[in-house]
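Written out below as structure tokens is the structure these notes cover.
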Amino acid sequence: MFVLIILILFCFTIGYALEDTKDFKSGYLMGDEDEYLVILTGRRWQEFGRDIVIYSLVNGKKEVFRRDISHLKPWKIDIGDVDGDGNLEIAIGVYKESPLHPIMAKRPFIYNFNGNDLIPKWRGSRLSRPFSDFLLFDVDQDGVCEIVAIEDLADGGHIINSYKWKGFGFEGFLESIENIPFDYLDTSENELYAVTKNNDLVLRIRVFDLD
Ligand SMILES: [Ca+2]
Ligand SMILES: [Ca+2]
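Residue numbering for the sequence shown follows numbering that gives the first Met the number 0, starting at 0 and increasing by one per position.
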């Protein structure tokens, strides 16, 4: 009985801890051996997260940064090196207006972490088209990540677009065939997939088959 109570308490605690993580990624943010864990706090079932929290994973898990970014309506984070300097950038998917494009839309904001603070690298107003999901992925296997997004076409179809960092901003790179599954992007075994879920039916299509 005692064991059961402990087990229930344990499951509850773990459940609660996981509940408060909307998204997370880990990696070497500053190009050395020091690994970090980046967490977007919030409930998975809620549309937007709240805080961005960074933990150092050197000698155990230690919080080194925390900021409430709920005003940006953050819904996703990813990390990857978009400019090839060996430091990983942090991409935060936000939902907001921008001065140059004053309608509510999903936008990717790119930051660097300098050990103390998040430094904005790119908070561009938009990609080529409205998009439903994005991630950082090395499409052409040159060691540098591209922004990859599922974009809405004007006729209701969907396309995958990718963007390379060009010193001051992102420039369009490869586009997929049209009418790709559009719910979200996923990677496994270093391949990129576009996925649609319809009840029990899951449709996965490999994107950018460069072989
Ligand atoms: Ca970088
Ligand atoms: Ca690349």
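Glycine included, each C-beta is placed from N, C-alpha and C at the ideal position.
Rounded to whole angstroms, D199 and E32 show a C-alpha spacing of 42 Å. K21 is classed as buried because its beta carbon has at least 16 other beta carbons within 10 Å across all chains shown. For S124, the three-state secondary structure derived from DSSP is coil. Under the three-pair Cβ rule at 8 Å, the region 63 to 75 does not count as touching the region 151 to 163. In this structure S175 touches I158 by the C-beta definition: roughly 6 Å separates them, less than 8 Å. In terms of CA proximity to R106, Y94 leads the group N113, L117, Y94, M29. Sequence-distant partners of D82 (beyond 5 residues in either direction) whose C-beta falls short of 6 Å from its own C-beta, in its chain, are W164. Short of 6 Å from the beta carbon of W121, and not among the five residues preceding or following it, lie these beta carbons of its own chain, in chain order: I109.
If you draw a straight line from the Cα of L135 to the Cα of H100, it is about 23 Å long.
No Cβ-Cβ contact shorter than 7 Å links G85 with G123. In this structure, the straight-line span from the alpha carbon of L36 to that of I146 is close to 21 Å.
Bridge pairing for Y94: K105 [DSSP]. Residues T40 of the same chain have their beta carbon placed closer than 6 Å to that of D19, with the five preceding and five following residues left out of the count.
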